[in-house]
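Engineer: Just so we're aligned, residue 8 is where the sequence shown starts under the numbering used here, counting upward by one.
No residue lacks a Cβ here, since even glycine has one placed at the ideal position from N, Cα and C.
Please read all numbers here as calculations on a predicted model, not as lab measurements.
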Amino acid sequence: MNLEHLRVDIGRLMDRIDDLAELGAIGGNGVCRLALTPEDKAGRDRVLDWMRALGLSIRIDGMGNVVGVRPGRTPGPPVMTGSHIDTVRTGGRYDGNLGVLAGLEVIQVLDEAGIETEHPLAVAFFTNEEGARFAPDMMGSLVFVGGMDLDVAHEVVGIDGRRVGECLTEIGYLGEAACGQYPVRCFVELHVEQGPVLEAESITIGAVERVQGISWSEYTIRGFSNHAGTTPMRLRKDAGYAAAAVACEVRRLAARMGGDQVGTVGALNLKPNLVNVVPNEAVLTVDFRNTDEALLRAAEAQLSAFLDTLSAQEGVEISSRRLARFEPVPFHETVIAGVERTARDLGYSVRRMPSGAGHDAQMLARICPAGMIFVPSAGGISHNVKEYTSPDDIEAGANVLLHMLTELAEA
Ligand code: GLV
Ligand code: MN
Ligand code: MN
Numbered sequence: 008m009n010l011e012h013l014r015v016d017i018g019r020l021m022d023r024i025d026d027l028a029e030l031g032a033i034g035g036n037g038v039c040r041l042a043l044t045p046e047d048k049a050g051r052d053r054v055l056d057w058m059r060a061l062g063l064s065i066r067i068d069g070m071g072n073v074v075g076v077r078p079g080r081t082p083g084p085p086v087m088t089g090s091h092i093d094t095v096r097t098g099g100r101y102d103g104n105l106g107v108l109a110g111l112e113v114i115q116v117l118d119e120a121g122i123e124t125e126h127p128l129a130v131a132f133f134t135n136e137e138g139a140r141f142a143p144d145m146m147g148s149l150v151f152v153g154g155m156d157l158d159v160a161h162e163v164v165g166i167d168g169r170r171v172g173e174c175l176t177e178i179g180y181l182g183e184a185a186c187g188q189y190p191v192r193c194f195v196e197l198h199v200e201q202g203p204v205l206e207a208e209s210i211t212i213g214a215v216e217r218v219q220g221i222s223w224s225e226y227t228i229r230g231f232s233n234h235a236g237t238t239p240m241r242l243r244k245d246a247g248y249a250a251a252a253v254a255c256e257v258r259r260l261a262a263r264m265g266g267d268q269v270g271t272v273g274a275l276n277l278k279p280n281l282v283n284v285v286p287n288e289a290v291l292t293v294d295f296r297n298t299d300e301a302l303l304r305a306a307e308a309q310l311s312a313f314l315d316t317l318s319a320q321e322g323v324e325i326s327s328r329r330l331a332r333f334e335p336v337p338f339h340e341t342v343i344a345g346v347e348r349t350a351r352d353l354g355y356s357v358r359r360m361p362s363g364a365g366h367d368a369q370m371l372a373r374i375c376p377a378g379m380i381f382v383p384s385a386g387g388i389s390h391n392v393k394e395y396t397s398p399d400d401i402e403a404g405a406n407v408l409l410h411m412l413t414e415l416a417e418a
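Next comes the structure, spelled out in structure tokens:
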């Protein structure tokens with residue numbers, strides 16, 4: 008059969024994106040669907056309805072990961088696509104959701120064209136990719152590939168004190184299927200770039216070569232509360248000051264290292280958080296990323312040395328907890344080259360590029376050939392309600408996904 012003219016229905020795909028974005032909608036076109044909340048449940052239920060309507064056989068595992076499978080002529084491991092539908096608290100409507108819904112669109116196009124593939128095709132969405140409520144990020148896909156024990160994941164406590172396991176039960180997504188042993192033939196994820204590169208270069212498709220390494224830590228700084236008016240500066244053990252010093256150092260360190268090094272203090276809580284009291288406790292997070300593992304380690308070591316000095320100088324105690332640590336992940340050359348070739352064949356401009364964000368595909372890369380397709384993000388904005396990708400670019404990305412999956416499922 009000649010598949011050259013096969014194309015996605017962009018109207019239908021945009022309708023599903025907009026429909027899903029209604030669940031957990033927040034002002035400014037954004038979405039707040041933190042993992043395992045009632046909003047996440049509503050989103051999951053909606054996607055499952057669509058999967059069922061497409062006749063996919065559905066598998067839900069003990070981590071709440073959902074896989075919908077369309078059989079092939081030959082039974083066996085599926086060619087898989089997918090992503091996540093959880094969002095950060097201030098999320099947009101494309102991050103993750105696009106990859107899942109484009110997968111459903113691909114299935115529907117094949118169904119309507121009456122095309123059966125040699126190997127099965129699967130669309131998955133993985134629990135808690137964002138890590139915004141429960142660390143680490145990509146937790147669902149990590150457990151899916153056997154990189155974290157299910158029991159350990161269930162015990163993870165979120166920013167609101169709730170546990171993963173109890174929340175999964177509460178929303179009815181603690182499934183029965185086993186984790187860590189589902190064979191996958193290969194994995195391709197469509198995602199918005201979330202950065203400025205494609206737009207700046209007027210390129211439609213990114214063939215993602217690798218994902219940078221991620222290091223997340225939480226620091227608790229303990230000082231001593233005292234009166235803001237009467238305590239001489241030299242006698243203070245100010246946890247708030249120390250936290251601010253860490254934030255400044257993270258920024259200076261990234262500037263000093265240059266290259267791909269980035270560093271962020273994204274969460275900071277002070278106690279007692281009052282205008283006239285020297286803070287006795289600060290809890291803050293540091294997010295470091297680099298495409299080079301040795302440089303990422305150097306950043307961690309430099310911050311650690313800074314914390315030792317700071318602790319001695321200010322008389323504060325600093326303890327740390329690792330929230331996430333993933334080395335840089337290269338994608339499979341066959342998939343990268345496949346994205347490039349498919350994009351060119353369809354008439355889209357394409358370039359190879361790294362990913363600055365973490366993705367489920369980097370976990371799937373542990374068990375099968377994996378790769379990603381990026382489409383431009385307006386202004387490079389993401390993890391913000393202003394996240395936007397044009398329907399034309401979404402259509403292009405989904406068409407690349409359609410042709411990649413169809414080809415891989417026939418190969
Ligand atoms: C997760 O998606 C991240 O990159 O922060
Ligand atoms: Mn994402
Ligand atoms: Mn994200």
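Please check the pair Arg14 and Val86, which I expect to be a contact at CB under 8 Å, by giving their CB distance rounded to whole angstroms.
Structural biologist: Within the sequence shown, numbered from 1, the residue matching residue 14 stands at position 7. Within the sequence shown, numbered from 1, the residue matching residue 86 stands at position 79. Not a contact, Cβ separation roughly 19 Å.
Engineer: Would you please state the rounded distance, in angstroms, between the beta carbons of Met360 and Met145? I believe it to be under 8 Å.
Structural biologist: Working through the sequence shown from its first residue, we reach residue 360 at position 353. Working through the sequence shown from its first residue, we reach residue 145 at position 138. Rounded, the Cβ-Cβ distance is 20 Å, inconsistent with contact.
Engineer: Just confirm the distance between the C-beta atoms of Ile228 and Ile166, as a whole number of angstroms; I'd bet it's less than 8 Å.
Structural biologist: The count along the sequence shown starts at 1 and reaches residue 228 at position 221. The count along the sequence shown starts at 1 and reaches residue 166 at position 159. In fact, because the Cβ distance is near 18 Å, the residues do not count as touching under 8 Å.
Engineer: Can we count Ala28 as close to ligand 3, meaning its CB is less than 7 Å from some heavy atom?
Structural biologist: Reading the sequence shown from its first residue, position 21 is the one you call residue 28. Ala28: no, Cβ never under 7 Å from ligand 3.
Engineer: Do Gly89 and Ala131 have their C-beta atoms within less than 8 Å of each other?
Structural biologist: Within the sequence shown, residue 89 is the residue found at index 82, counting from 1. Within the sequence shown, residue 131 is the residue found at index 124, counting from 1. Yes, these two residues count as a Cβ contact at 8 Å.
Engineer: Quick check on Val346: buried or exposed, where buried means 16 or more other Cβ atoms within 10 Å of its Cβ?
Structural biologist: On the sequence shown, position 339 is the one that residue 346 refers to. Flag for Val346 reads buried.
Engineer: Going by the C-beta, is Glu225 closer than 7 Å to any heavy atom of ligand 1?
Structural biologist: Indexing the sequence shown from 1 puts residue 225 at position 218. No, the Cβ of Glu225 stays beyond 7 Å of every heavy atom of ligand 1.
Engineer: Over what stretch of residues does the beta strand (DSSP E) that includes Val257 continue unbroken?
Structural biologist: Position 250 of the sequence shown, counting from 1, holds the residue named residue 257. Note, Val257: premise wrong, no beta strand (DSSP E); alpha helix (DSSP H) at 246–264.
Engineer: Apart from the five residues on each side of it in sequence, which residues of its chain come closer than 8 Å, Cβ to Cβ, to Ala235?
Structural biologist: Counted from its first residue, the sequence shown places residue 235 at position 228. Answer for Ala235: Val282, Asn283, Val284, Val285, listed in chain order.
Engineer: Which value, in whole angstroms, describes the spacing of the CA atoms of Glu216 and Glu340?
Structural biologist: Taking the first residue of the sequence shown as position 1, residue 216 is located at position 209. Taking the first residue of the sequence shown as position 1, residue 340 is located at position 333. So the alpha carbons of these two residues sit roughly 8 Å apart.
Engineer: Please classify Glu173 as buried or exposed, where buried requires at least 16 neighbouring CB atoms within 10 angstroms.
Structural biologist: Counting from 1 along the sequence shown, the entry for residue 173 is found at position 166. Exposed.
Engineer: Pick from Trp223, Ala301, Thr292, Met264: whose alpha carbon is nearest that of Val253?
Structural biologist: Sequence index remark: in the sequence shown, residue 253 carries index 246 (1-based). Here the closest residue by C-alpha is Thr292.
Engineer: For Leu175, which three-state DSSP category applies?
Structural biologist: Here residue 175 is taken as the residue at index 168 of the sequence shown, counted from 1. Looking at Leu175 - three-state DSSP - the assignment turns out to be helix.
Engineer: Looking only at its chain, what residues have a beta carbon closer than 8 Å to the beta carbon of Ala251, apart from the 5 residues adjacent to it on each side?
Structural biologist: Along the sequence shown, one-based indexing puts residue 251 at 244. Contacts found: none.
Engineer: In this structure, does DSSP put Glu300 in helix, strand or coil?
Structural biologist: Taking the sequence shown and counting its residues from 1, one reaches residue 300 at position 293. In the structure shown, Glu300 sits in a helix (DSSP, three-state: H, G or I).
Engineer: For Val74 and Ala28, which I take to be in contact (beta-carbon distance under 8 Å), what is that distance rounded to the nearest angstrom?
Structural biologist: Reading the sequence shown from its first residue, position 67 is the one you call residue 74. Reading the sequence shown from its first residue, position 21 is the one you call residue 28. Not a contact, Cβ separation roughly 23 Å.
Engineer: How close, in whole Å, do the beta carbons of Leu111 and Arg23 come, if the pair is a contact with beta carbons under 8 Å?
Structural biologist: In the sequence shown, the residue the question calls residue 111 occupies position 104. In the sequence shown, the residue the question calls residue 23 occupies position 16. Sure, about 7 Å apart at Cβ, within 8 Å.
Engineer: Starting from Val284 and walking both ways along the alpha helix (DSSP H), at which residues does that stretch end?
Structural biologist: Within the sequence shown, the letter at position 277 stands for residue 284. Per DSSP, Val284 belongs to no alpha helix (DSSP H) and is neither H nor E.
Engineer: Measuring CB atoms only, is the stretch 350–365 touching the stretch 177–197, in the sense that at least three cross pairs come out at less than 8 Å?
Structural biologist: No, because fewer than three Cβ pairs between the stretch 350–365 and the stretch 177–197 fall closer than 8 Å, the two stretches do not touch.
Engineer: Roughly how many angstroms lie between the CA atoms of Arg59 and Cys375, to the nearest whole one?
Structural biologist: As a first step, residue 59 is located in the sequence shown; it is residue number 52 there, counting from the start. As a first step, residue 375 is located in the sequence shown; it is residue number 368 there, counting from the start. If you take the alpha carbons of Arg59 and Cys375, they lie about 26 Å apart.
Engineer: Can you grab the Cα-Cα spacing for the pair Phe141 / Ala42, in whole Å?
Structural biologist: On the sequence shown, residue 141 is found 134 positions in, with the first residue counted as 1. On the sequence shown, residue 42 is found 35 positions in, with the first residue counted as 1. Answer to the nearest angstrom: the Cα atoms are 8 Å apart.
Engineer: Rank Val269, Leu330, Lys278, Leu275 by C-alpha distance to the C-alpha of Ala305 and give the top, closest one.
Structural biologist: Position 298 of the sequence shown, counting from 1, holds the residue named residue 305. Checking every option, the nearest Cα to that of Ala305 belongs to Val269.
Engineer: Note the first and the last residue of the continuous alpha helix (DSSP H) segment covering Ser362.
Structural biologist: In the sequence shown, residue 362 corresponds to position 355, counting from 1. Where Ser362 is concerned, there is no enclosing alpha helix (DSSP H), although the beta strand (DSSP E) it sits in stretches over 357–362.
Engineer: State the beta-bridge partners of Ser224 as determined by DSSP.
Structural biologist: One-based indexing of the sequence shown puts residue 224 at position 217. Beta-bridge pairing links Ser224 to Val293, Arg329.
Engineer: Is it right to say Val357 is buried, meaning 16 or more other beta carbons lie within 10 angstroms of its own, or is it exposed?
Structural biologist: Numbered from 1 along the sequence shown, position 350 holds the residue referred to as residue 357. Per the 10 Å Cβ criterion, buried.
Engineer: So what's His12 in DSSP terms, helix, strand or just coil?
Structural biologist: Position 5 of the sequence shown, counting from 1, holds the residue named residue 12. Residue state, collapsed to three classes: coil.
Engineer: Leaving out five residues on either side along the sequence, give the residues of the same chain with a beta carbon under 7 Å from the beta carbon of Ala32.
Structural biologist: Taking the first residue of the sequence shown as 1, we reach residue 32 at position 25. Excluding sequence neighbours, Ala32 sits near Val38.
Engineer: Hey, which residues come within less than 5 Å of ligand 2, measuring from Cβ to any heavy atom, in chain order?
Structural biologist: Working through the chain, the matches are Asp102, Gly103.
Engineer: Mapping the DSSP letters down to three states, classify Ala310 as helix, strand or coil.
Structural biologist: Position 303 of the sequence shown, counted from the first residue, corresponds to residue 310. Contrary to the premise, residue 310 reads as Leu rather than Ala in this sequence. Correct three-state label for Leu310: helix.
Engineer: Residue ranges of each alpha helix (DSSP H) run of no fewer than 4 residues wholly in the stretch 111–160, ordered along the chain?
Structural biologist: You should have 146–151.
Engineer: Helix, strand or coil: how does DSSP classify Gly50 here?
Structural biologist: The sequence position of residue 50 within the sequence shown is 43, counting from 1. Of the three classes helix, strand and coil, the one that applies to Gly50 here is helix, per DSSP.
Engineer: Is Glu394 close to ligand 1? I mean its beta-carbon at under 7 Å from any heavy atom of the ligand.
Structural biologist: Within the sequence shown, residue 394 is the residue found at index 387, counting from 1. No; taking the cut-off as 7 Å, the Cβ of Glu394 has no heavy atom of ligand 1 nearer than that.
Engineer: According to the neighbour-count rule (16 or more other Cβ atoms, all chains shown, within 10 Å of its Cβ), is His12 buried or exposed?
Structural biologist: Taking the first residue of the sequence shown as position 1, residue 12 is located at position 5. With fewer than 16 other Cβ atoms within 10 Å, it is exposed.
Engineer: Quick check: what's the CA-CA separation for Arg258 versus Gly35?
Structural biologist: Residue numbering aside, residue 258 sits at position 251 when the sequence shown is read from its first letter. Residue numbering aside, residue 35 sits at position 28 when the sequence shown is read from its first letter. Approximately 29 Å between the Cα atoms of the pair.
Engineer: Going by beta-carbon coordinates alone, are Leu197 and Gly106 separated by less than 8 Å?
Structural biologist: Within the sequence shown, numbered from 1, the residue matching residue 197 stands at position 190. Within the sequence shown, numbered from 1, the residue matching residue 106 stands at position 99. Contact: yes.
Engineer: What I want to know is whether the C-beta of Ala364 ends up closer than 7 Å to one or more non-hydrogen atoms of ligand 3.
Structural biologist: To locate residue 364, count along the sequence shown from 1; it is residue 357. Yes, ligand 3 has a heavy atom inside 7 Å of this Cβ.
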